């Protein structure tokens, strides 16, 4: 049996080389205790910092919003209130997802691209949510107390290794243990996978997604593995799928009446955005030209949107605009539209330097779709580029009153102040951006840069100094 089939969410316990590690809070002797909720959150935040620094995390607001909406729908159905979950995408063509201590769940873009239906993505997220809610990581640590090779210092680094495809490093770490220890961990992993399947299926049923999607997804991956030998999807390697698990998933459906759950337009558009980001502009253009010509698609509007996006990424803006108009026509016949289509329209005009038109497009769309964070970001960006600083600041102030934890809003505020030459406020807002990413060292650097500017406003200076004290006290507490 291959060692690299250890679940990505459970590989956290493996001891990795120090090069991958980041200094973590002193969490005590693992051999004597499990992990508390606070400790899990600290480890998860540390892992998130490393993943973000790797550059693999997708910052696209539409993909983030799609995963967050799906994840929130699932946690609401499961009546999960603790921990507070965060769902995030990674730009990786492999079919994979993983859970991180503290309620962080990552999904590769390859998972979305390869899913034939939205409910298949939901089935994977429901499975990962169950890994977190059932305390599998803490329970595994508790069950492995006697293993001297368990090292908390490598936990966050092991998360990064598992999520970034460094399975070989994890496997090498296992290889130094005894065969008995390996088998015990594998057996424990399978039981966790079965439990996550069972609870994930219940969550799917309650949330309104198609519960049959879990078995269908497993079976398709298993069949693909047989066809493409030694090139199994990442999800099969990190979440070992056996015929028993497929059979169990099918049996859990019982006498449930089959009902088809239609895919949302959000899923169809986001899937093509993920595909385009993976392929790159020129290759994606060729792909969509071929699928459209051969009529090989489930949604023509989504395919034409993908073509428009591919042209946009390749900086062929006129072709992008033309392809987008065709996508709009197919989608709504001139009577309806979608936030994804409007966001791309504003982005094209902004890239062309038509800033005023971009403001108009994105402003009108924001009124029609006020829940779209992408349109909000796009409008602020366009206003800044158009020199409409007062309007941009008013929009930012309103948005921050609603979304005070949104790091992207603070980064846009920093850009606004930079355009105006207001260095103190620029550094202050950049510091707030880093603070929300838990990047405390970078936040302190920005706040201190703000204080070093000549003639700062007294009240502004006092607020920044108070912020510095808060960070120093918080990080001091973590080290105790």
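In mature numbering (1 follows the signal peptide of the UniProt record, and there is no 0), the protein residues as written are -21 to -1, 1 to 459.
Positions of the beta carbon are idealized from the N, C-alpha and C atoms, including for glycine.
These numbers come from a predicted model, not from an experiment.
Measuring alpha carbon to alpha carbon, tell me which of the options ends up nearest residue i.
i: residue 14; options: 387, 80, 60; result: 80
i: residue 194; options: 109, 248, 100, 429; result: 100
i: residue 308; options: 114, 62, 284, 328; result: 284
i: residue 358; options: 337, 369, 68; result: 337
i: residue 375; options: 392, 361, 417; result: 392
i: residue 23; options: 38, 62, 43; result: 62
i: residue 114; options: 171, 87, 65; result: 171
i: residue 248; options: 107, 45, 31, 18; result: 45
i: residue 394; options: 420, 356, 423; result: 356
i: residue 47; options: 353, 334, 422, 65; result: 65
i: residue 72; options: 255, 226, 230; result: 255
i: residue 34; options: 381, 318, 69; result: 69
i: residue 251; options: 239, 440, 49, 266; result: 266
i: residue 420; options: 272, 454, 29; result: 454
i: residue 433; options: 270, 404, 422; result: 404
i: residue 310; options: 340, 339, 277, 331; result: 277
i: residue 304; options: 294, 418, 440, 280; result: 280
i: residue 184; options: 198, 16, 239; result: 239
i: residue 287; options: 262, 275, 273; result: 262
i: residue 50; options: 67, 38, 314, 39; result: 67
i: residue 332; options: 349, 32, 294; result: 294
i: residue 118; options: 37, 19, 401; result: 19
i: residue 32; options: 104, 418, 323; result: 418
Counting only the same chain and skipping the five closest in sequence on each side, list residues whose C-beta sits under 6 angstroms from that of residue i.
i: residue 186; result: 52, 53, 56
i: residue 59; result: 112
i: residue 386; result: 412, 415, 416
i: residue 447; result: 426
i: residue 106; result: 175, 179
i: residue 351; result: 318
i: residue 442; result: none
i: residue 321; result: 344
i: residue 231; result: 180
i: residue 342; result: 358
By the three-class DSSP mapping on this structure, what secondary structure does residue i have?
i: residue 67; result: strand
i: residue 87; result: strand
i: residue 59; result: coil
i: residue 78; result: strand
i: residue 150; result: Confidence is the limiting factor: at residue 150 the pLDDT is only 37, short of 50, which leaves the residue's position unreliable, though a coordinate-based value still follows. In this structure, residue 150 counts as helix in the three-state DSSP scheme.
i: residue 4; result: Residue placement at residue 4 is flagged as unreliable, the pLDDT there being 41, under the threshold of 50; the coordinate-derived value follows with that caveat. Here residue 4 sits in coil by DSSP.
i: residue 131; result: Residue placement at residue 131 cannot be trusted, given a pLDDT of 47 that sits under 50; what the coordinates show is reported in the next sentence. Three-state DSSP puts residue 131 in a helix.
Since residue i and residue j are thought to touch, with beta carbons under 8 angstroms apart, how far apart are those beta carbons, to the nearest angstrom?
i: residue 325; j: residue 344; result: 7 angstroms
i: residue 396; j: residue 428; result: Incorrect: roughly 13 angstroms between the Cβ atoms, too far for contact.
i: residue 371; j: residue 363; result: 5 angstroms
i: residue 98; j: residue 169; result: No, residue 98 and residue 169 are not in contact; Cβ-Cβ is about 25 angstroms, not under 8 angstroms.
i: residue 92; j: residue 257; result: 6 angstroms
i: residue 316; j: residue 196; result: That belief does not hold up - the Cβ atoms of residue 316 and residue 196 are roughly 31 angstroms apart, past 8 angstroms.
i: residue 76; j: residue 85; result: 7 angstroms
Between which residues of its own chain and residue i is the CB-CB distance below 7 angstroms, once the five residues before and five after are set aside?
i: residue 253; result: 42, 88, 91, 92
i: residue 334; result: 361, 364, 365
i: residue 408; result: 389, 392, 393, 396
i: residue 245; result: 45
Starting from the C-beta of residue i, find all residues in its chain whose C-beta is less than 8 angstroms away, skip the five residues before and the five after it, and write them out in chain order.
i: residue 290; result: 260, 264, 296, 298, 299, 302
- prompt: At what residue ranges does the region 326 to 354 contain a whole run of the alpha helix (DSSP H), taking only runs of 4 or more?
  reply: 334 to 347
Unbroken stretches of the beta strand (DSSP E), 3 residues or longer, contained in the region 276 to 303: none
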